[in-house]
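Just so you know, the sequences run in chain order A and B. Using our numbering, you'd call the opening residue of the first sequence number 45 and step up by one each time. Using our numbering, you'd call the opening residue of the second sequence number 153 and step up by one each time.
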Amino acid sequence: MTGFRMMSRPVVGGLALGLVLVILALDLARSGAPDLFAAPAPFALGSGEAPTGAHCTGS
Amino acid sequence: MFMRRFSVVMLLLVLTGFTFIMAGPRAGLLVMIGLGFGLVLEGLRFGFAGPWRMIVTDRDGRGLIAQFIAIALLAAVAFPLMAANPQELNGAHAPVGLAMILGAFVFGAAMQLVMGCGSGTLINAGSGNLVGLIALAGFIIGSFAGTVHLGWWTGLATLPVMSLQGMLGAQGGLIVTLAGLAALAVITALRAAPGKRLPPARLWWAAALIAALALANLVVAGQPWGIVYGLGLWGAKIAQAGGADVGALAFWAAPGNAERLGASILTDVTSLTNIGLLVGAFAVMRWRSDPGAPAQALTAGTYGWVVLAGVVLGYSARLAFGCNVGAFFSGISTGSLHGWVWMVAAFAGSMLGIRLRPHMLRPAFARGVAA
């Protein structure tokens, strides 16, 4: 537990960023980069299209 | 100091630019909105779990009233906007059910053990709190595990999706929502001690900014602000990378979820705002001249409890169709009945969690900053 006690906030915050980077890298390696030509309009409002994103409330 | 702050600005610019280039303008805008959430929540110390504890333990109602103000501000715009654009904008509507109520209750208890809800866990991790980082890892595992069993849980007893708009119309639904929030604010003020009723200017600003950012989220994404789906998706991606056949699970085989699973997380709206939120909190911590003392070391057993609480937090949030953000904040502000039920169940669970916390979170030393 000594190692944990010595970790400053910047170090722990850096580890959190690292976790996100690892997930992103794993994802990009597996799924590939998004197709920019299929990218949605900047705003859903005014696009004339139903939103395609999934939400916490979905089942 | 200058170089540190310069590097913080560069980090924000690089993240935004990377997302714009990789996934297009909507993704870039959503990361910017997420960054805004992180900057406001951490910079102005606006939270969800803390005020739910403070009203019980310290009779301090200022943070809770600020939450009601933020929800009311968003609802006042979101209700008419959704009514005028039903094809393009969705509310955070979910069914009320036995598992949903149980999930919200357990979530409320677990969030007091790790002192963070969905957004709070991301904020705590980004701002360098070790308990928050460990809880985040647990949350990712738990919210994915919740998707594995969600069908069984929702099969127990679940009502159809009900919204206040559906029952009372957009105008009637908004009036009832605002009246309900006003009643809760009055009850909170009556419960609070003198001098702990009116939110300070900082929380008024935070409430207004959070409402504005949540509205931007709705306009850009077409759906309200959420947290849990993105973390569950991250868990699914990790499981998939480890060789698991995630696509065979009923939840992830559903058309919308299968699409998200097959595409980059840079196309998932909740993942984008989650990333922005965490990085925004990190930016605030690094911007400050003093990042603050590290969270106090806990006993080995306590870290085990934190991992478990994080897993339970994620699992229960999945059953409850959202956390403080997706169910409580976004649910109520867009008219979902389940948002109100979630709040009652989670608040009851939160009171249990407050009682459990001293018994389960034990510091390794008697003095220091509590986690």
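Glycine included, each C-beta is placed from N, C-alpha and C at the ideal position.
Answer yes or no: do residue i and residue j have a C-beta to C-beta separation smaller than 7 Å?
i: G213 (chain B); j: I207 (chain B); result: yes
i: L326 (chain B); j: F473 (chain B); result: no
i: A363 (chain B); j: L274 (chain B); result: no
i: R438 (chain B); j: L196 (chain B); result: no
i: F257 (chain B); j: A497 (chain B); result: yes
i: L471 (chain B); j: W304 (chain B); result: no
i: A479 (chain B); j: G491 (chain B); result: yes
i: A447 (chain B); j: V283 (chain B); result: yes
i: F403 (chain B); j: T299 (chain B); result: yes
i: M263 (chain B); j: A201 (chain B); result: yes
i: F296 (chain B); j: G387 (chain B); result: yes
i: S468 (chain B); j: F259 (chain B); result: yes
i: R74 (chain A); j: P443 (chain B); result: no
i: A359 (chain B); j: A218 (chain B); result: yes
The beta strand (DSSP E) spanning residue i covers which residue range?
i: A394 (chain B); result: For the record, residue 394 (chain B) in the displayed sequence is Gly; it is not Ala. Neither: G394 (chain B) is in no beta strand (DSSP E) and is coded neither H nor E.
i: P352 (chain B); result: Premise fails: P352 (chain B) is in no beta strand (DSSP E) and is neither H nor E.
Bridge partners of residue i, per DSSP?
i: S488 (chain B); result: B:S315
i: T310 (chain B); result: B:G249
What first and last residue would you give for the alpha helix (DSSP H) that runs through residue i?
i: V477 (chain B); result: Segment: none, V477 (chain B) is in no alpha helix (DSSP H) and carries neither H nor E.
i: A69 (chain A); result: R53 to S75
i: G90 (chain A); result: Premise fails: G90 (chain A) is in no alpha helix (DSSP H) and is neither H nor E.
i: W204 (chain B); result: A201 to T209
i: E194 (chain B); result: P177 to G195
i: E411 (chain B); result: P407 to G414
i: V421 (chain B); result: V421 to W439
i: G272 (chain B); result: G270 to G278
i: V266 (chain B); result: Run containing V266 (chain B): none; DSSP gives neither H nor E here.
i: Q375 (chain B); result: From DSSP, Q375 (chain B) is part of no alpha helix (DSSP H); its letter is neither H nor E.
i: I217 (chain B); result: R214 to A236
If you pair each beta-carbon of the segment 307-325 of chain B with each one of the segment 86-99 of chain A, do three or more pairs fall below 8 Å? Touching, no, given that fewer than three Cβ pairs across the two stretches are closer than 8 Å.
Mind listing which residues of the segment 367-378 of chain B have their C-beta closer than 9 Å to chain A's C-betas, in chain order? Going along the segment 367-378 of chain B in chain order, one finds L370, V371, V372, A373, G374, Q375, P376 and G378 with a Cβ nearer than 9 Å to chain A.
Residues of the segment 442-471 of chain B with Cβ closer than 7 Å to any Cβ of chain A, in chain order: So the close ones are P443, G444, P446, A449 and A452.
Measuring CB atoms only, is the segment 412-428 of chain B touching the segment 379-389 of chain B, in the sense that at least three cross pairs come out at less than 8 Å? The segment 379-389 of chain B and the segment 412-428 of chain B touch, with three or more beta-carbon pairs separated by less than 8 Å.
Check whether the segment 406-422 of chain B touches the segment 446-463 of chain B, counting contact only when three or more Cβ pairs, one atom from each stretch, lie closer than 8 Å. Touching, no, given that fewer than three Cβ pairs across the two stretches are closer than 8 Å.
If you measure beta-carbon to beta-carbon, which residues of the segment 240-267 of chain B are closer than 7 Å to chain A? Only those residues of the segment 240-267 of chain B whose C-beta falls short of 7 Å from the nearest C-beta of chain A are listed: E240, L241, N242, A244, H245 and A246.
Any 3 or more C-beta pairs closer than 8 Å across the segment 237-244 of chain B and the segment 329-345 of chain B: Judged by Cβ distances under 8 Å, the segment 237-244 of chain B makes no contact with the segment 329-345 of chain B, as fewer than three pairs qualify.
Closer than 8 Å, Cβ to Cβ, to anything on chain A: give me those residues from the segment 177-211 of chain B, in chain order. Of all residues in the segment 177-211 of chain B, only P177, R178, A179 and L181 place a beta-carbon less than 8 Å from a beta-carbon of chain A.
Contact between the segment 172-189 of chain B and the segment 356-376 of chain B: three or more CB pairs below 8 Å? In the pairwise beta carbon analysis, the segment 172-189 of chain B is classified as touching the segment 356-376 of chain B: at least three pairs are separated by under 8 Å.
Listed in chain order, which residues of the segment 425-443 of chain B have Cβ atoms closer than 9 Å to some Cβ of chain A? N426, I427, L430, V431, A433, F434, M437, R438 and P443: these are the residues of the segment 425-443 of chain B whose beta carbon lies less than 9 Å from some beta carbon of chain A, given in chain order.
If the cut-off is 9 Å on Cβ atoms, which residues from the segment 313-329 of chain B count as contacting chain A, listed in chain order? Result list: V313.
Short of 7 Å Cβ to Cβ, which residues in the segment 489-504 of chain B face chain A? Going along the segment 489-504 of chain B in chain order, one finds no residue with a Cβ nearer than 7 Å to chain A.
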